[in-house]
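Novice: Residue numbers (mature numbering (1 follows the signal peptide of the UniProt record, and there is no 0)): -25 to -1, 1 to 265.
#1: Measuring alpha carbon to alpha carbon, tell me which of 185, 176, 132 and 192 ends up nearest residue 155.
#2: Note down the Cα distance separating residue 26 from residue 9, rounded to an integer number of angstroms.
#3: Report the residue from 34, 44, 41 and 79 whose alpha carbon sits nearest the alpha carbon of residue 57.
#4: Is residue 101 helix, strand or coil when you go by DSSP?
#5: Inspect the beta-carbon positions of residue 7 and residue 71 and report whether they are closer than 7 Å.
#6: Mind checking residue 38: buried by the 16 CB within 10 Å criterion, or exposed?
#7: Buried or exposed: residue 151, going by 16 or more other Cβ atoms within 10 Å of its Cβ?
#8: For residue 90, which of 104, 132 and 146 has the nearest alpha-carbon?
#9: Are the stretch 93 to 106 and the stretch 41 to 53 touching, with three or more C-beta to C-beta distances below 8 Å?
#10: Under a three-way DSSP split, which group does residue 153 fall into?
#11: Quick check: the Cα distance between residue 16 and residue 117, rounded to an integer number of angstroms?
#12: Which same chain residues, not among the five before or five after residue 142, have their C-beta less than 7 Å away from its C-beta?
#13: Rounded to a whole number of angstroms, what is the C-alpha to C-alpha distance between residue 232 and residue 139?
#14: Would you list the one or two residues that DSSP bridges to residue 135?
#15: Just to confirm before moving on: does the CB-CB distance between residue 166 and residue 13 stay below 7 Å?
#16: Need the endpoints of the beta strand (DSSP E) that residue 165 sits in, please.
#17: When you compare the CB positions of residue 135 and residue 180, do they come within less than 7 Å of one another, or not?
#18: Between which two residues does the beta strand (DSSP E) carrying residue 110 extend?
#19: Looking at residue 83 and residue 30, is the spacing between their C-beta atoms short of 7 Å?
#20: Compare the Cα-Cα distances from residue 168 to each of 198, 144 and 182 and report the closest residue.
#21: Three-state secondary structure (DSSP) at residue 235?
#22: Taking residue 53 as the reference, give the member of 209, 67, 227 and 32 with the closest Cα.
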């Protein structure tokens, strides 16, 4: 084989790894989770996004934005620093890149979570020759107040027990149970409303008889969540007739005591006035005889 040709072929083989390394440095992919990331209302969450092969991202452009909001991103990293000039004001002061960027970690940290933060986010990374993007979803949860139970007489030996709870996200489920822990039949009424901040309130009521259960519970919980539940209990018994009779008898006795007390007071006032009048007459009679 010609010596010059051999040298040329060897040179090409030596140059090939450098060429492949150069190409791989210019192309990359972004990796995000396939399942939604969840956070708690008012808390913080990290939306994971990483570059393939742990490629150094310090000299790249990193843009996090909502769909159709490319020009007003939640966060823009450009020229090795955060660019706030075009960032969406709703995210100002609440977003950061915890990194490390030099290891290809371009995850977004979002603080002070709000209902309006729920939805899809795009992780977009670009160089002067290549770009890649991928999307992921964020869900937010909020555990509401403990249920407030109240009771009213419905007549016929029945009581109307109502249950209310506020401040949930997403829409919760409400369940009535008896003292055996068994789920009761669907309530007579069940409603849910959403306030201006995007939080849900639920209310429900059922009719119970005094013999139906020693106590009943109303529990409100988030769907598919462990431990995110609030429960309250109540004894659905109105005061018995004997208790009512004793209460009425006591009330009548108290009224009689008040009447007698007032009568005695009036008697002594009248008696005192009579004595004073008699003394005055005796005094006037004595002076006349003188």
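Every residue, glycine too, gets a C-beta built ideally from N, C-alpha and C. A quick note: this is a predicted structure, and the numbers were derived from the prediction, not measured.
Specialist: A quick look at the data gives this:
#1: Taking the first residue of the chain shown as position 1, residue 155 is located at position 180. Selected option, being the one with the closest Cα: 192.
#2: Position 51 of the chain shown, counting from 1, holds the residue named residue 26. Position 34 of the chain shown, counting from 1, holds the residue named residue 9. When rounded, the distance between both Cα atoms is 15 Å.
#3: Here residue 57 is taken as the residue at index 82 of the chain shown, counted from 1. That would be 34, whose Cα lies nearest to the Cα of residue 57.
#4: As a position in the chain shown, residue 101 is number 126, starting the count at 1. Residue state, collapsed to three classes: strand.
#5: Counting from 1 along the chain shown, the entry for residue 7 is found at position 32. Counting from 1 along the chain shown, the entry for residue 71 is found at position 96. No Cβ-Cβ contact shorter than 7 Å links residue 7 with residue 71.
#6: Translated into the one-based positions of the chain shown, residue 38 becomes position 63. It counts as buried.
#7: Walking along the chain shown from the start, residue 151 turns up at place 176. Looking at its Cβ environment, which holds 16 or more other Cβ atoms inside 10 Å, residue 151 is buried.
#8: Locating residue 90 in the chain shown gives position 115, counting from the first residue. Checking every option, the nearest Cα to that of residue 90 belongs to 146.
#9: yes
#10: In the chain shown, the residue the question calls residue 153 occupies position 178. DSSP places residue 153 in strand when its eight states are reduced to three.
#11: Residue 16 sits at position 41 when you count from the first residue of the chain shown. Residue 117 sits at position 142 when you count from the first residue of the chain shown. Cα-Cα distance, rounded: 5 Å.
#12: Within the chain shown, residue 142 is the residue found at index 167, counting from 1. Cβ-Cβ distances below 7 Å link residue 142 to 117, 119, 120 and 174 in the same chain, with the five nearest sequence neighbours on each side left out; the list follows chain order.
#13: Stepping through the chain shown from its first residue, residue 232 is reached at position 257. Stepping through the chain shown from its first residue, residue 139 is reached at position 164. Note on geometry: alpha-carbon atoms of residue 232 and residue 139 lie some 43 Å from one another.
#14: Translated into positions along the chain shown, residue 135 becomes position 160. Per DSSP, 127 and 182.
#15: As a first step, residue 166 is located in the chain shown; it is residue number 191 there, counting from the start. As a first step, residue 13 is located in the chain shown; it is residue number 38 there, counting from the start. Contact flag unset, no.
#16: Position 190 of the chain shown, counted from the start, is the residue given in the question as residue 165. Note, residue 165: beta strand (DSSP E), 164 to 169.
#17: The count along the chain shown starts at 1 and reaches residue 135 at position 160. The count along the chain shown starts at 1 and reaches residue 180 at position 205. Taking 7 Å as the Cβ cut-off, residue 135 and residue 180 qualify as a contacting pair.
#18: Along the chain shown, read from residue 1 onward, the residue named residue 110 stands at position 135. Where residue 110 is concerned, the enclosing beta strand (DSSP E) stretches over 106 to 116.
#19: What you label residue 30 is simply residue 55 of the chain shown in a count that begins at 1. What you label residue 83 is simply residue 108 of the chain shown in a count that begins at 1. Going by C-beta atoms, residue 30 is not nearer than 7 Å to residue 83.
#20: Within the chain shown, the letter at position 193 stands for residue 168. Of 198, 144 and 182, the smallest CA-CA separation from residue 168 is found for 144.
#21: As a first step, residue 235 is located in the chain shown; it is residue number 260 there, counting from the start. Three-state DSSP puts residue 235 in a helix.
#22: As a position in the chain shown, residue 53 is number 78, starting the count at 1. Closest option to residue 53, Cα to Cα, is 32.
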